[in-house]
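Q: Here it is, the structure, as structure tokens.
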Amino acid sequence: MHKRDDAFSITINDPDLIDESAIITMENINDALLLIFKENSIYKLLTADSTDPQKTQPDTGHTYEKIAAIGAASPYVARVFLQFKRIIDQVFPENPIKPKLLEQVWSLNEQLLLCAQFESNIREQLDDVMQKCDIIIEQNKSNRAIPPLVKVKNLESDAKSFLLVGKQFLIDCFKLLSLLTGLPLGARDEAHFDKHIKWLEQHRPTLNKLSSVLGNDLPWIRRLSECRNAIEHPGPGQSLTIENTRLHPGNKFSLPTWSYDLTNKINVQESSISIHQELDAYLNNMLYF
Numbered sequence: 001m002h003k004r005d006d007a008f009s010i011t012i013n014d015p016d017l018i019d020e021s022a023i024i025t026m027e028n029i030n031d032a033l034l035l036i037f038k039e040n041s042i043y044k045l046l047t048a049d050s051t052d053p054q055k056t057q058p059d060t061g062h063t064y065e066k067i068a069a070i071g072a073a074s075p076y077v078a079r080v081f082l083q084f085k086r087i088i089d090q091v092f093p094e095n096p097i098k099p100k101l102l103e104q105v106w107s108l109n110e111q112l113l114l115c116a117q118f119e120s121n122i123r124e125q126l127d128d129v130m131q132k133c134d135i136i137i138e139q140n141k142s143n144r145a146i147p148p149l150v151k152v153k154n155l156e157s158d159a160k161s162f163l164l165v166g167k168q169f170l171i172d173c174f175k176l177l178s179l180l181t182g183l184p185l186g187a188r189d190e191a192h193f194d195k196h197i198k199w200l201e202q203h204r205p206t207l208n209k210l211s212s213v214l215g216n217d218l219p220w221i222r223r224l225s226e227c228r229n230a231i232e233h234p235g236p237g238q239s240l241t242i243e244n245t246r247l248h249p250g251n252k253f254s255l256p257t258w259s260y261d262l263t264n265k266i267n268v269q270e271s272s273i274s275i276h277q278e279l280d281a282y283l284n285n286m287l288y289f
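In full-length UniProt numbering, the protein residues as written are 1 to 289.
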């Protein structure tokens with residue numbers, strides 16, 4: 001019988017039988033989380049001690065859990081945690097803020113992966129939806145009535161979840177900046193992004209290039225943030241509506257869109273914007289933020 005503290009080997013298999021690629025790397029976060037990165041998936045190792053910390057059952061086994069269907073081959077992993085982990089190890093080898101940095105960077109990566117999954121859930125349905133809508137219209141265009149068009153499943157849930165997690169990602173990015181620069185963040189003003197940038201301009205002039213980049217990013221940051229606020233606190237000048245596939249005059253159809261009025265806080269009002277295109281733009285901006 002093997003003892004739980006003995007050295008062991010374990011084969012990492014995708015429970016969905018999708019990713020058969022090799023392990024690319026394993027990363028340890030503060031001895032609290034061991035991450036296993038394959039090309040197209042990520043797992044966390046659950047040691048026997050994490051399952052049975054009191055060691056009441058000596059035969060408790062080690063196991064693992066799949067946490068993402070996106071892996072090291074994706075820029076959302078390679079350019080975020082894996083890249084920054086190496087930078088942090090080199091720049092802050094013994095610095096007391098290193099554990100907090102690693103924890104925050106991985107948390108940001110988890111949020112980015114969630115947003116990528118929400119966007120993918122919508123985008124991957126579009127070709128099939130378009131094809132089926134074309135068939136429905138073509139087969140019934142000579143009739144006076146056209147059957148209901150095929151819809152994108154879970155559209156509203158995925159689109160709103162993207163905004164909710166996306167705003168938290170932005171807030172946590174500034175929390176990371178706070179750790180590195182001393183930027184003051186309070187619970188009530190953590191989403192006042194324009195205020196944070198002004199503080200950096202005034203109190204950290206040596207970081208003027210960073211402040212300039214953040215200032216250029218502010219329009220899309222505010223737009224995403226206020227779209228999220230419109231979901232949670234709708235009202236005049238603060239609203240967002242989502243529309244699935246829809247029939248138009250001339251038997252044309254449109255893919256999912258959203259419209260929003262954000263004029264209560266910023267001078268932005270848009271109608272019938274392609275959801276998947278805007279989410280893709282947000283994702284790209286978040287990746288390089």
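Yeah, the Cβ is synthetic: ideal placement off N, Cα and C, and Gly gets one too.
1) Out of A32, K44, I29 and N28, which one is the CA nearest neighbour of T11?
2) Tell me which residue opens and which closes the beta strand (DSSP E) that R246 is part of.
3) For G235, which three-state DSSP category applies?
4) Pull up the CB-CB distance for L218 and F193, whole angstroms please, since I reckon it's below 8 Å.
5) Using DSSP with H/G/I as helix, E/B as strand and the rest coil, what is I23?
6) Determine contact between the region 260-271 and the region 165-176, defined as no fewer than three beta-carbon pairs at a distance below 8 Å.
7) Which term fits N229, buried or exposed, when burial requires 16 or more other beta carbons within 10 angstroms of its beta carbon?
8) Quick check: what's the CA-CA separation for P256 versus Q125?
9) Within a Cβ cutoff of 6 Å, which residues of the same chain sit near M26, ignoring the five residues on either side of it in sequence?
10) Drop a sphere of 10 angstroms on the beta-carbon of T245, count the other beta-carbons inside from all chains shown, and report buried for 16 or more, exposed for fewer.
11) Which term fits M1, buried or exposed, when burial requires 16 or more other beta carbons within 10 angstroms of its beta carbon?
A: Reading from the atomic positions:
1) Taking the sequence shown and counting its residues from 1, one reaches residue 11 at position 11. Nearest C-alpha to T11 among A32, K44, I29 and N28: K44.
2) The residue labelled residue 246 in the question sits at position 246 within the sequence shown. It spans R246 to H248 - the beta strand (DSSP E) in which R246 sits, taken as one unbroken run.
3) Taking the first residue of the sequence shown as 1, we reach residue 235 at position 235. Strand at G235.
4) The sequence position of residue 218 within the sequence shown is 218, counting from 1. The sequence position of residue 193 within the sequence shown is 193, counting from 1. The C-beta distance from L218 to F193 rounds to 6 Å, short enough to fall under 8 Å.
5) Translated into the one-based positions of the sequence shown, residue 23 becomes position 23. I23 carries a strand assignment under DSSP once its states are collapsed to helix, strand and coil.
6) No contact exists between the region 260-271 and the region 165-176.
7) Within the sequence shown, the letter at position 229 stands for residue 229. The residue in question, N229, is buried, as its Cβ has 16 or more Cβ neighbours within 10 Å.
8) Here residue 256 is taken as the residue at index 256 of the sequence shown, counted from 1. Here residue 125 is taken as the residue at index 125 of the sequence shown, counted from 1. The straight-line gap from Cα to Cα measures roughly 11 Å.
9) Your numbering for residue 26 matches position 26 in the sequence shown. Correct list, in chain order: I36.
10) Here residue 245 corresponds to residue number 245 of the sequence shown, with the count starting at 1. By the neighbour-count rule (16 or more Cβ atoms within 10 Å), T245 is buried.
11) One-based indexing of the sequence shown puts residue 1 at position 1. Residue placement at M1 is poorly supported in this model, since its pLDDT is 49, which falls under 50; the coordinates still yield a value, given next. The residue in question, M1, is exposed, as its Cβ has fewer than 16 Cβ neighbours within 10 Å.
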